[in-house]
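A.B. asks: Under mature numbering (1 follows the signal peptide of the UniProt record, and there is no 0), residues -24 to -1, 1 to 290 are what the sequence shown spells out, in order.
Yeah, the Cβ is synthetic: ideal placement off N, Cα and C, and Gly gets one too.
All values reported here derive from a predicted model rather than from experimental measurement.
A single structure is presented below for examination.
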Amino acid sequence: MVSQDKKDLATWIVFLIYFSSLNCQTCPGDSFVNTLAKADQNGCVRKWLPVKQLHWTKKKRILITGGAGFVGSHLVDKLMQDGHEVIALDNFVTGKRHNIEQWIGHSNFELLHHDVTNPIYVEVDEIYHLASPASPQHYMHNPIRTIKANTLGTLNMLGLARRTNSKFLFASTSEVYGDPEVHPQPESYWGNVNPIGPRACYDESKRLGETMTYAYFRHLNLPVKVARIFNTYGPRMQINDGRVVTNFIAQALNNESITVYGSGEQTRSFQYISDLVNGLIALMESNYTMPVNLGNPVEFTVNELALLIKNFTN
């Protein structure tokens, strides 16, 4: 019997394969919402997604760094639809404008073209600090930019949170565990990280980002949250981002053999993007301050994933 998690993963794989193979103006990874927004751009009436009308006492002003990225743009969608005022900040090095263009012009939405390594001054109630190259292709190509985003950028956002007395959530990663010797990894596990390896720019800068976040918590009483994010999939992933799901799909679409390293029996967990977004919001709204793993507890072997994609692409 196929589990519901595998059925859900298979359904999304079909979705991404379809849109990745289209030879039209719809960009690979665009959601149906984005496509509809583009179709409305030249019309007389701009149609918005349904947005809740919140009482002013419940409405929050929220900053999302990396707001045009894969995770950030979905978080923008959710918080906008929940009725909050959202500021999406992005330097557009890896983020894409089309991920959030459906909100441009809305009275509750503001888009800032800005790099987090430079200070910024805005009045907000909450900060989701997601800005960082996150795929191997991006952070290994530009390790210095990655280190700066997770250190200088985090320091700037923590300073902003302190000045505005905002709640702060740092988007960390399962990569802080490095090449773990413990499976699965509890939050109490310190990890097994190579500080000078090819992934170190990402792993170690995220670990330092966590350290800075808790320094502000312990010494300045800043309300902080840390989410250690595991593998996530869904619309708006870039087909060439270097992650295992998109690597396999790209190879299959190009009629190439799917490359599996090692025995293929190593396991990975994959969570859908909306589950991650709900988890981030729940963590922000909670009183919990210690790191939290956000991922799917059900794991798949790499061989299972490769076979699934192979079957759907023939």
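Going by other Cβ atoms of all chains shown within 10 Å of its Cβ, with 16 needed for buried, is ILE285 buried or exposed?
C.D. replies: buried
A.B. asks: Can you list, in chain order, the residues of its chain with a C-beta nearer than 6 Å to that of ILE103? Leave out the 5 residues immediately preceding and following it.
C.D. replies: LEU39, MET133, ALA137, SER142, PHE144
A.B. asks: With respect to the beta strand (DSSP E) encompassing ASN269, which residues constitute its N-terminal and C-terminal limits?
C.D. replies: 268 to 270
A.B. asks: In the DSSP assignment, what residue or residues form a beta bridge with TYR104?
C.D. replies: ILE40, LEU145
A.B. asks: Near ILE96, which residues of its chain fall below 8 Å by C-beta distance, leaving aside the five closest residues on each side in sequence?
C.D. replies: LEU65, LEU88, HIS90, ASN132, LEU136
A.B. asks: Helix, strand or coil for GLN17, going by three-state DSSP, please let me know.
C.D. replies: Here the model assigns GLN17 a pLDDT of 46, short of 50, so the residue's position is not dependable and the matter cannot be decided.
A.B. asks: For LEU106, which residues of its own chain have a beta-carbon under 8 Å away from its beta-carbon, when the five flanking residues on both sides are left out?
C.D. replies: ILE40, THR41, GLY42, GLY43, GLY45, VAL47, GLY48, LEU51, ALA147
A.B. asks: Can you find at least 3 beta carbon pairs, one from the stretch 122 to 132 and one from the stretch 196 to 215, that sit closer than 8 Å?
C.D. replies: no
A.B. asks: Which class does TRP79 belong to by DSSP, given the choice of helix, strand or coil?
C.D. replies: helix
A.B. asks: Using the rule of at least 16 other Cβ atoms within 10 Å of the residue's Cβ for burial, across every protein chain shown, is LYS72 buried or exposed?
C.D. replies: buried
A.B. asks: Could you name the residues that DSSP lists as bridge partners for ASP66?
C.D. replies: Beta-bridge pairing by DSSP links ASP66 to HIS89.
A.B. asks: Suppose the cutoff is 6 Å on Cβ atoms and the five residues either side in sequence are ignored; what does the same chain contact list for TYR248 look like?
C.D. replies: GLY210
A.B. asks: Output needed for ILE205: all residues of its chain with C-beta closer than 8 Å, excluding positions within five of it in sequence on either side, in chain order.
C.D. replies: VAL47, ALA147, SER148, THR149, SER150, LEU252, LEU270, GLY271
A.B. asks: Under 8 Å, do ALA228 and THR277 count as touching if we go by C-beta distance?
C.D. replies: no
A.B. asks: Taking C-alpha atoms, which residue in PHE68, ILE120, VAL221, PRO26 lies nearest to HIS82?
C.D. replies: PRO26
A.B. asks: Where in the stretch 235 to 270 do unbroken runs of the alpha helix (DSSP H), each at least 4 residues long, occur, reported from the N-terminal end onward?
C.D. replies: 249 to 261
A.B. asks: Based on Cα-Cα distance, which residue from GLY154, ALA282, ASP101 lies nearest to MET260?
C.D. replies: ASP101
A.B. asks: Suppose you measure from the CA of LYS54 to the CA of ALA203; what does that come to, to the nearest Å?
C.D. replies: 18 Å
A.B. asks: Once you ignore the five residues that flank LYS35 on each side, which residues in its own chain have a CB closer than 8 Å to its CB?
C.D. replies: GLY59, HIS60, GLU61
A.B. asks: Can you list, in chain order, the residues of its chain whose CB lies under 8 Å from that of ASP155, leaving out five sequence neighbours each side?
C.D. replies: ASN168, VAL169, ASN170
A.B. asks: In this structure, what does DSSP give as the bridge partners for TYR209?
C.D. replies: TYR248
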